[in-house]
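Residues in the sequence shown are numbered from 21 upward in steps of one, following our numbering. What follows is a set of notes on a single structure, which appears directly below.
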Amino acid sequence: MSAQTNRNYRRKIYACALKNVSDYDAKVILIYEGIEYDNGEIKNTRLDIDVEKGKTHYLSERLITRRTYNIREVIDRVEVTLSNGTKLELKAPFDGVENPTADWHFVIENTQIKSAGPTPEFGK
């Protein structure tokens with residue numbers, strides 16, 4: 021495993037908050053890394069979420085249950101379409117993530133999605 025691959029392996033997000041500080045309502049698509057099933061098929065989970073202007077939406081960790089173990093789903097991509105038609109995207113590895121976490125904060129702005137660090141509300 022290369023140093024770059026090894027570093028990215030540790031940069032996983034399992035759960036997050038999506039905060040919309042843009043001037044528009046946002047339709048968010050959260051796409052998780054593909055998981056290989058017993059038949060060899062790889063499937064990605066996709067969540068569609070509406071985040072109104074000025075609101076925050078919290079997403080819990082997702083688990084895939086197998087007969088003898090669980091798999092924690094890892095967020096791979098955040099896609100946003102603002103109500104004015106602007107499309108934004110942010111892909112893993114996300115800035116600032118150094119180790120696996122179930123506490124991350126994405127901020128939706130008018131022109132970008134920021135990887136903003138641990139969710140402030142969780143630390144209080």
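Here a beta-carbon is modelled for each residue, glycine too, at the ideal position from N, C-alpha and C.
I'd like the span of the beta strand (DSSP E) that includes A37, first residue to last. Its beta strand (DSSP E) spans residues 36-40.
Kindly indicate which residue of W124, K75, A46, S103 has the alpha-carbon position closest to the one of P113. Answer by Cα proximity: W124.
T121 burial status per 10 Å Cβ neighbour count (16 or more: buried): Result: buried.
Enclosing beta strand (DSSP E) for A46 [first to last residue]: 46-52 is the extent of the beta strand (DSSP E) around A46.
Other residues of its chain near S135: CB distance less than 6 Å, five sequence neighbours each side excluded: If we look at S135 and ignore the five residues flanking it on each side, its Cβ neighbours are F114, D115, G116.
Any beta carbon of chain D sitting closer than 7 Å to that of I69? No chain D appears in this structure, which consists of one protein chain only.
Excluding the 5 residues preceding and the 5 following E56 in the sequence, name in chain order all residues of the same chain whose CB lies nearer than 6 Å to its CB. Cβ within range, chain order: I62.
Stretch-stretch touch, CB-based, cutoff 8 Å, three pairs: the region 82-92 with the region 40-47: No, they do not touch.
Element boundaries [beta strand (DSSP E), containing R92]: Per DSSP, R92 belongs to the beta strand (DSSP E) from 90-92.
Determine the direct distance from the alpha carbon of L50 to that of R97, and round the result to whole angstroms. Taking the straight line from one Cα to the other gives about 6 Å.
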